[in-house]
Amino acid sequence: MKKIKYFLVLAAILLSQVSYAQIDPDALKCRASEMNKQILEASPEAMQEYQQLEKFTKEYVEAIAKKQNENALISNPTYIIPVVFHVFGTNFSGTTVTQAKVEQALLKLNEDFQGLNSDYNTVDNQFSSIKQYLNIEFRLAKIDPNGNATTGVKFYGALNGFGNGGGYDSQIKQYAWDNYKYMNVYIQSDLYNDGNTGNSGVAWYPNTSMSNNNTARVVYNGRYLYGNTNAEFASVLTHEFGHWLNLIHTFEGGCTSTNDQVSDTPAENASTSGYGCSPATNCYGQYINYENYMGYNGASGCYKMYTQGQVNRMLAALQHPARQPLWQESNLIATGTSNGGSTSVAAPSGLSASAASSSQINLSWNDNSNNETGFTIQRASGGGSYSTIATVGANTTSYSNTGLSANTTYSYRVRAYSGSTTSSFSNTASATTSGGSTSYCSVTGNASYEYIQTVSIGSFSNTSGSNSGYGNYTSQTISLTPGSSTSVSLTPGFSGSSYTEYWAIWIDYNKNNTFESSEMVVSGLSGTGNVSGNFTVNSSATGTTRMRVVMKYNSAPSSACGSIGDGEVEDYTVNFSGSGDPTTLATPTNLRSAGTYASGFYAGWNTVSGATSYDVQLWLSGAWQTFGTSTTWYLWIPKQGSTTTYYFRVRAKNSSGVSAWSGYYTVTLPAAGPSPVSPEITSFSLYPNPATNHVNFSIGSLESDNFSINVYDSRGELIDVIENKTYYATDHLKKGVYLMQLIKPSSTETSRLVIE
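Those letters in the sequence shown? Residues 3 to 758, by the working numbering.
Laid out in structure tokens, this is it:
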């Protein structure tokens, strides 16, 4: 009989919570568009100046773009803007605003503008090629308008309403510092003095009339400063400073207008502004730049970038008469913000880096400043850009960077900061982590009563008997696709009675021959028989490494090493085959729905030259899962349970390799509608067909002003859109087969057209 085993259940919950002001539902309703419109409509001179600015901006941006296209050397100086914060009141929805919080908020904002935010290098791949930063630094003034020393932050009794476009000018001017010397930021609680303390901020575009009257400004709610709210939402201040430099909301005007006057930001209809950090498409089926500072979505946790076009537009704004005087050297000296003035911070020197282990590098440097409030540490690897990984306090001269990958080279640089003023960077220093352990830790088990019978991972399966506690199956390779959801099925074997067994799986992702706690990919599975689950493979995993499967009696495995007691362990080799597939094909483009119904939809895409088939994946249960394969340009996706909104992506394949995965496309099923009709067979009729110089459309009883027809060539390329017409001239089309897609309010139908 099996020996008696004792069960111990221990529950301990440790809670650590930072108190932040709750984000109000109205927080993202920035009124920059409305307030600027009031100014322009009230003054013909202001409207004329704005139109001249837009004309100048277009010419300026075109000139910059021409130089960029020609790879010409472009002067890209660092602009310095003196700033004064006027803080009104002491209570901002339960939070406070202090000198230190303003300094940290401005430091965070400068990192956003300069592309030094920690997530800058994680921008969605669809937009990484157009992300750009602006060499600008907003510095708290050190000299006030009377020539006296200042901290750049002024505190007053509570006042509200400075976010309004009019009615408060006399009060604003009472507190304002010369708008041609200082950027004025007003911190209040009730921006519009309407009893709502939830609005976040508002700002005005460059306008000499406002600067002449000392009413040019950014108005911001103190409850949403960095330190009073979560770090991502705090970047709404970056959004408002963008307005001050003439940036417009990315969703301005929707899909039917000139939008934000920037060519490289996708059009964004208002309906996409509530998607947060989930992928979404606009009315043209294009992916919106949801991580852009000038939209609303990024405030949910993914504000990361400006585009090259937006940076060019801000560069043009800096030449405006209401902005240009601020960054002139004479003004920087007058406001105490010049690099050559006494307010500068000395850069650290002598930075050195040394590897302490396979996952840790130690840094040390010389502190050459006597006025810094801290240091910012940045890191780069694999030829990538530097990004901030940590900040440390004043007088600190060392830092240990942990959690690194084995056998990897990392480069570092450090700079000091004092408030919002930063030094130049130190020298760079590099170090390479060691290769980790030369062998994996030993592990033992007792398989007298139970053993691992079957391990199934994805399409791989291995069945075995007892291995005396440990089985080495590293001669067998499990193929995994990075970023995919992989199924797991585990079955115990028993020499007698069955018992409850607990399972865990580790994958050595960083290949340092150590199974770390962060590399446990499966846990929480237990039972007397077969158990199953799934896990998502690390999207950046490459090459070959080891997997360890642990089955333990009585309690969940907490370690992949040492003695586990009763139970068994098996090791396997893992190859991340998806990442190693040769990419020889172009990525499918123009993803779309080729027919949407209550029961499902047709996923469509443009075909790729040389491709013989296409893999289609759906985002299900928090991971990409392969749904099916098609040999043409579409695939039917039936409704999955009660889910009505779907994300799908596609890659092309042939015998030589695969393409990269496309971006996401979103499809929402209607609540009800007609039965699905194949894109190849449809009741939507065309005549004459074949056609030579024109075709008529029969659309039944559908209202003539409530439909459109997309025209696709044989490769699935969209070549024309017909709006509300039942007659179409075809004399410009080449001979061949075309797809005509009828878009109706409740569904989509498709039919073929032959041109002779």
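For each residue, glycine too, the CB sits at the ideal point set by N, CA and C.
Asked: Counterpart residues of SER420 in DSSP-defined beta bridges; Found: THR423
Asked: Beta carbon of THR502 nearer than 9 Å to that of ASN448; Found: no
Asked: Delimiting residues of the alpha helix (DSSP H) encompassing SER407; Found: Neither: SER407 is in no alpha helix (DSSP H) and is coded neither H nor E.
Asked: GLY96 to ASN230 span [Cα, whole Å]; Found: 9 Å
Asked: MET549 and THR575 closer than 9 Å at C-beta; Found: yes
Asked: According to DSSP, residues forming a beta bridge with GLY203; Found: TYR222
Asked: Assumed close pair ILE138, ILE83 - CB separation to whole angstroms, cut-off 8 Å; Found: 7 Å
Asked: For PRO327 and TYR182, believed in contact at Cβ under 8 Å, the rounded distance; Found: 5 Å
Asked: Beta-carbon gap between THR614 and THR633 smaller than 9 Å; Found: yes
Asked: Alpha helix (DSSP H) runs wholly inside the segment 226-267, at least 4 long, in chain order; Found: 238-246
Asked: Cβ separation of TYR289 and CYS257, assumed to be a contact under 8 Å, to the nearest whole Å; Found: At roughly 13 Å, the Cβ-Cβ gap does not stay under 8 Å, so TYR289 and CYS257 are not in contact.
Asked: Straight-line Cα distance separating LYS554 from SER470; Found: 14 Å
Asked: Cβ neighbour criterion (16 or more within 10 Å) applied to CYS32; Found: buried
Asked: Inter-residue spacing [alpha-carbon to alpha-carbon] between ARG754 and LEU741; Found: 5 Å
Asked: Beta-carbon proximity of PHE629 to SER481, cut-off 9 Å; Found: no
Asked: Best match in GLY473, SER491, SER441, THR430 for proximity to GLY460 [C-alpha to C-alpha]; Found: SER491
Asked: Proximity of GLY606 and LYS641 at Cβ, strictly below 9 Å; Found: no
Asked: Option in SER468, PHE164, GLY643 with minimal Cα separation from ASP568; Found: SER468
Asked: ILE509 versus VAL238 - alpha carbon distance; Found: 39 Å
Asked: Contacts around GLU521, its chain only, beta-carbon distance under 8 Å, and the 5 residues preceding and following it disregarded; Found: TRP508, ILE509, ASP510, TYR511, ASN512
Asked: Inter-stretch contact at 8 Å, needing at least 3 Cβ pairs: the segment 380-394 / the segment 537-549; Found: no
Asked: The beta strand (DSSP E) enclosing ASP617, as first and last residue numbers; Found: 615-622
Asked: Residues that DSSP places opposite VAL539 in a beta bridge; Found: Partner(s): none; VAL539 has no beta bridge.
Asked: Any non-hydrogen atom of the ligand ADP within 8 Å of ASN291 CB; Found: As for the ligand ADP, it is missing from this structure, which has no ligand bound.
Asked: Runs of alpha helix (DSSP H) lying entirely within the segment 546-594, each at least 4 residues, in chain order; Found: 579-582
Asked: Cβ-based burial, VAL523 [other Cβ within 10 Å; buried from 16]; Found: buried
Asked: Residues near TYR62 by beta carbon distance below 8 Å, same chain, minus five either side; Found: ASN314, LEU317, ALA318, GLN321
Asked: Nearest residue (CA-CA) to THR465, options THR446, THR493, ALA396, TYR451; Found: THR493
Asked: Nearest residue (CA-CA) to SER487, options LEU622, ARG653, TRP367; Found: LEU622
Asked: Boundaries of the beta strand (DSSP E) in which VAL155 is found, first to last residue; Found: 155-158
Asked: Cβ-Cβ distance between TYR184 and GLY165 below 9 Å; Found: no
Asked: At least 3 beta-carbon pairs within less than 8 Å: the segment 203-220 vs the segment 151-161; Found: no
Asked: Contacts around TYR453, its chain only, beta-carbon distance under 6 Å, and the 5 residues preceding and following it disregarded; Found: SER468, GLY495, GLU570
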